[in-house]
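Colleague:
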Amino acid sequence: MSVADLPLDGLRKAFTLDKEPQDFELVKKLGESRWLARRHADGEIFVARRINDFDEYYKSQHQNPGFLTTKQRHAKGLLDLVYELNFGRQISHIFNHENIVSLAGYLRQKPLNAKPFSDVEATEDYLVWDNCDAGNLEALLVDKNPQVKNRRVFMPESLCWHVLTSVMRALAWAHDGYRHDVDWKAGTHMWTKTDTDWMPILHRAITPASILFQNPRGAELYGQCKLGHWGQAFVSGHPASRHDKGARGEPTISNAFGQIMAPHAEPSHLEATREVSLVEMRKSMDKYTRDGQKNHRMYTLSDEHWALGAVLYRMMTARELPSRDPCAGCAAGCVHVTACADTYCLLEEAESDQLDRWGDLDLDKTCRCDYGGCEHVREVIKMSQCTHPKWGPPCVCAVKCGTKTVNIDDVLAQMDYSKGLLKAVRLLFDWDWKFSARGSVELCGKIDSLYASWKTDTGEGREYVDVRDDARRRFLVLNGLDQTEEKMEDDDSDSASEAST
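What follows is the structure in structure tokens.
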């Protein structure tokens, strides 16, 4: 159960300092500041993390306010936000999604064996989070046969879809404030925006290590997949302009301008890495878009989508994708990744009607396959000389950095995955790096549509049970709406009657 399943009154109680009984109790120590915590209501296990940031403030309570260090002032600000302004409720609203490591509540207690008259050890404060007890994706990406060349499949397709759809739904929430409102009886969903003033949040650290899993709770093949490690997150402070309609066809935001952007989280050869104002970020982005100064590019939605695409690329190929930014080791600023400007170029060329030498339709050369990597695609790659423009000219590295240039289209088209998955992953790379005005909710909708087709049109998809399949089955059973077992019994009795006749 995620924080989304908690009643609002429970969340309010968890983030107020009244004297009512605690909702959680610590049950097992995991590390210096981490515990397993049990919720009293249902016995669900969570992870409790001690808020060490308050220690500095407790140490400085008897000092002159003018002599507080920067760290102590930050700690006091955090303390005031959580306690005086009840900021915990706002935090819980943001971290409240089934595909995000969500904030389940708050715990305060007096520590055992505290030092006498110690302000620091007078109380211990904990934030209680979802327990991702099945580890992270990085642990699964261990290539046990690295010597294998030209690998055409690595991780199972169902796991690729699970990660892709889960993280995209998390990004649709973080970027646009949209989530799925599921009709469990009908098995359908629609997008719902809970906050019209939602300010986009950029994660800035999407890697296999930040994608975590819970163990299955029912009949689903994989447990819930959640995006965690939000320590580098950046709140944009303003909505992005929308060139297209919203998820429900609502009009564009008339007074919004610019795009969602942030400094780069990790230090790199790019200059736009430090915390700067919105005005400074726009000036830096202008130098990139107008003057072509590549080292002034800011972090945008496109970086988030690209980062997820790079994760899927590694899941499918067992290889890491080169960076889209200029190579730090190349004097000429080479980019070692490219693709065709015409999305799905190779797949569509293989699927186009092929004629034999007499002008008749040659079905043997026309691809009707459900999966990539077929003989038709390989033949197209061998024979075709694509004239579509690429993202950039071939890299001519003067210093011979040794990085091999990767053509994303060539690699993906040859993988033994369904064409639906290949197209869904390719969408993550087909984004406007200069003016990424569309939000993640539109992209997520396209990917969800391709996922639904894979679930219904392929044998593997029909057999795959995801988290929502299991949740819907439970809903139908609990509400007496599940007719599957009864129908199977009727079919068996009919078959027996026909056999006896």
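With this note's numbering, the residue at position 185 of the sequence shown is 186, and numbering never jumps.
Ideal Cβ placement from N, Cα and C applies to all residues, glycine included.
Note that the coordinates shown come from a computational prediction; the quantities given were computed from them, not determined experimentally.
Out of curiosity, what's the CA-to-CA distance linking residue 463 and residue 457?
Modeller: Stepping through the sequence shown from its first residue, residue 463 is reached at position 462. Stepping through the sequence shown from its first residue, residue 457 is reached at position 456. Looking at the two C-alpha atoms, the distance is approximately 6 Å.
Colleague: With DSSP as the reference, identify every bridge partner of residue 110, one or two as the case may be.
Modeller: Start at 1 with the first residue of the sequence shown, and residue 110 comes out as number 109. Paired residue(s): 125.
Colleague: Please name the residue in 346, 455, 337 whose C-alpha comes closest to that of residue 160.
Modeller: The residue you call residue 160 lines up with position 159 of the sequence shown. Per the Cα distances, 455.
Colleague: Using the Cα positions of residue 39 and residue 287, report the straight-line distance between them to the nearest angstrom.
Modeller: Here residue 39 corresponds to residue number 38 of the sequence shown, with the count starting at 1. Here residue 287 corresponds to residue number 286 of the sequence shown, with the count starting at 1. Taking the straight line joining both Cα atoms gives about 51 Å.
Colleague: How would you write the range of the alpha helix (DSSP H) that residue 384 sits in, first residue to last?
Modeller: By one-based count along the sequence shown, residue 384 stands at place 383. Unbroken alpha helix (DSSP H) run through residue 384: 376–384.
Colleague: How big is the Cα-Cα spacing for residue 177 and residue 440?
Modeller: Translated into positions along the sequence shown, residue 177 becomes position 176. Translated into positions along the sequence shown, residue 440 becomes position 439. Distance between the alpha carbons of residue 177 and residue 440 is about 6 Å.
Colleague: Taking the straight line between their C-alpha atoms, what separation do you get for residue 28 and residue 45?
Modeller: Along the sequence shown, read from residue 1 onward, the residue named residue 28 stands at position 27. Along the sequence shown, read from residue 1 onward, the residue named residue 45 stands at position 44. When rounded, the distance between both Cα atoms is 12 Å.
Colleague: Do you know offhand how far residue 448's Cα is from residue 166's?
Modeller: The residue given as residue 448 occupies position 447 in the sequence shown. The residue given as residue 166 occupies position 165 in the sequence shown. Computed Cα separation, rounded: 7 Å.
Colleague: Please state if the CB of residue 237 and the CB of residue 266 are separated by a distance shorter than 8 Å.
Modeller: As a first step, residue 266 must be located in the sequence shown, where it is residue number 265. As a first step, residue 237 must be located in the sequence shown, where it is residue number 236. Contact flag unset, no.
Colleague: Please classify residue 349: does DSSP put it in a helix, a strand, or coil?
Modeller: Translated into the one-based positions of the sequence shown, residue 349 becomes position 348. Reduced to three states, the DSSP call for residue 349 is helix.
Colleague: Strictly by DSSP, which residues pair up with residue 408?
Modeller: Looking up residue 408 in the sequence shown gives position 407. In DSSP, residue 408 forms a bridge with 339.
Colleague: By Cβ distance below 6 Å, which residues in the same chain neighbour residue 314 in space, the five residues on each side in sequence not counted?
Modeller: Taking the sequence shown and counting its residues from 1, one reaches residue 314 at position 313. For residue 314, where only same-chain residues beyond five positions count, the Cβ hits under 6 Å are 322.
Colleague: Hey, could you find the ends of the beta strand (DSSP E) residue 226 is sitting in?
Modeller: Along the sequence shown, read from residue 1 onward, the residue named residue 226 stands at position 225. Per DSSP, residue 226 belongs to the beta strand (DSSP E) from 226–228.
Colleague: Ignoring anything shorter than 4 residues or poking outside the segment 133–216, list the alpha helix (DSSP H) runs there in chain order.
Modeller: Runs of the alpha helix (DSSP H) inside the segment 133–216: 158–177.
Colleague: If we count the other Cβ atoms within 10 Å of its Cβ and call it buried at 16 or more, is residue 482 buried or exposed?
Modeller: Counted from its first residue, the sequence shown places residue 482 at position 481. Burial call: exposed.
Colleague: Using alpha carbons as the reference points, say which of 141, 200, 305 lies closest to residue 157.
Modeller: Here the question's residue 157 lines up with position 156 in the sequence shown. The residue with the shortest Cα to Cα distance from residue 157 is 141.
Colleague: Would you check if the distance between the CB atom of residue 220 and the CB atom of residue 471 is smaller than 8 Å?
Modeller: Position 219 of the sequence shown, counted from the start, is the residue given in the question as residue 220. Position 470 of the sequence shown, counted from the start, is the residue given in the question as residue 471. Yes, they are a contact pair.
Colleague: Between which two residues does the alpha helix (DSSP H) holding residue 429 run?
Modeller: Along the sequence shown, read from residue 1 onward, the residue named residue 429 stands at position 428. Run containing residue 429: 420–430, per the alpha helix (DSSP H) assignment.
Colleague: Once the 5 residues before and after residue 419 are set aside, which same chain residues still bring their CB inside 7 Å of it?
Modeller: For the purposes of this step, residue 419 is taken as the residue at position 418 of the sequence shown. Result list for residue 419: 158, 371, 372, 455, 459, in chain order.
Colleague: Run the CB neighbour count on residue 187, radius 10 Å, all protein chains shown included, and call it buried at 16 or more, exposed below.
Modeller: Position 186 of the sequence shown holds residue 187. Per the 10 Å Cβ criterion, exposed.
Colleague: Quick one: what's got a C-beta closer than 7 Å to residue 368's C-beta in the same chain, skipping five residues either side?
Modeller: Numbered from 1 along the sequence shown, position 367 holds the residue referred to as residue 368. Here the set comprises 351, 352, 375, 377, 378.
Colleague: On the DSSP letters alone, give me the boundaries of the alpha helix (DSSP H) that residue 476 sits inside.
Modeller: Within the sequence shown, the letter at position 475 stands for residue 476. 468–479 is the extent of the alpha helix (DSSP H) around residue 476.
Colleague: Please work out which residues of its chain come closer than 7 Å, Cβ to Cβ, to residue 205, disregarding the five sequence neighbours upstream and downstream, and give them in chain order.
Modeller: Taking the first residue of the sequence shown as position 1, residue 205 is located at position 204. Once the five neighbours on either side are set aside, the close Cβ partners of residue 205 are 233, 234, 235, 263, 266, 300.
Colleague: Indicate whether residue 152 and residue 406 have their beta-carbon atoms separated by less than 8 Å.
Modeller: Along the sequence shown, read from residue 1 onward, the residue named residue 152 stands at position 151. Along the sequence shown, read from residue 1 onward, the residue named residue 406 stands at position 405. Not in contact: residue 152 and residue 406 (Cβ atoms no closer than 8 Å).
Colleague: CA-CA distance, residue 101 and residue 229?
Modeller: One-based indexing of the sequence shown puts residue 101 at position 100. One-based indexing of the sequence shown puts residue 229 at position 228. Between residue 101 and residue 229, the C-alpha separation is close to 6 Å.
Colleague: Within 10 angstroms of the Cβ of residue 125, are there 16 or more other Cβ atoms? Answer buried if so, exposed if not.
Modeller: Working through the sequence shown from its first residue, we reach residue 125 at position 124. Counting Cβ neighbours within 10 Å, residue 125 comes out buried, since at least 16 surround it.
Colleague: Please report how far the alpha carbon of residue 211 lies from the alpha carbon of residue 380, in whole angstroms.
Modeller: Numbered from 1 along the sequence shown, position 210 holds the residue referred to as residue 211. Numbered from 1 along the sequence shown, position 379 holds the residue referred to as residue 380. Taking the straight line joining both Cα atoms gives about 38 Å.
Colleague: Classify residue 482 as helix, strand or coil using the three-state DSSP reduction.
Modeller: For the purposes of this step, residue 482 is identified with residue 481 of the sequence shown, where counting begins at 1. Reduced to three states, the DSSP call for residue 482 is coil.
Colleague: In this structure, does DSSP put residue 92 in helix, strand or coil?
Modeller: Position 91 of the sequence shown, counting from 1, holds the residue named residue 92. Of the three classes helix, strand and coil, the one that applies to residue 92 here is helix, per DSSP.
Colleague: Whole angstroms are fine: how far does the CA of residue 47 sit from the CA of residue 127?
Modeller: As a working note, residue 127 is residue 126 in the sequence shown. As a working note, residue 47 is residue 46 in the sequence shown. Straight-line Cα distance between these residues: approximately 12 Å.
Colleague: Let's see if you can read the secondary structure: which residues bound the beta strand (DSSP E) around residue 26?
Modeller: Reading the sequence shown from its first residue, position 25 is the one you call residue 26. Counting along the chain, the beta strand (DSSP E) containing residue 26 begins and ends at 25–30.
Colleague: Taking the alpha-carbon positions, what's the residue 341 to residue 431 distance?
Modeller: As a first step, residue 341 is located in the sequence shown; it is residue number 340 there, counting from the start. As a first step, residue 431 is located in the sequence shown; it is residue number 430 there, counting from the start. For residue 341 and residue 431, the distance between alpha carbons rounds to 10 Å.
Colleague: Is residue 282 helix, strand or coil when you go by DSSP?
Modeller: In the sequence shown, residue 282 corresponds to position 281, counting from 1. The answer is helix: DSSP assigns residue 282 an H, G or I state.
Colleague: Flag this pair as yes or no: are the beta carbons of residue 306 and residue 203 separated by less than 8 Å?
Modeller: Taking the first residue of the sequence shown as 1, we reach residue 306 at position 305. Taking the first residue of the sequence shown as 1, we reach residue 203 at position 202. Contact flag unset, no.
Colleague: Leaving out five residues before and five after residue 469 in sequence, what residues of the same chain have Cβ atoms less than 8 Å from its Cβ?
Modeller: Residue 469 sits at position 468 when you count from the first residue of the sequence shown. Excluding residues within five positions, the ones whose Cβ falls inside 8 Å are 183.
Colleague: Would you identify the three-state DSSP class for residue 359, choosing helix, strand or coil?
Modeller: Indexing the sequence shown from 1 puts residue 359 at position 358. Because the pLDDT of residue 359 is 46, which lies under 50, any placement of that residue in the model is unreliable, and the number read from its coordinates should be weighed accordingly. Correct three-state label for residue 359: coil.
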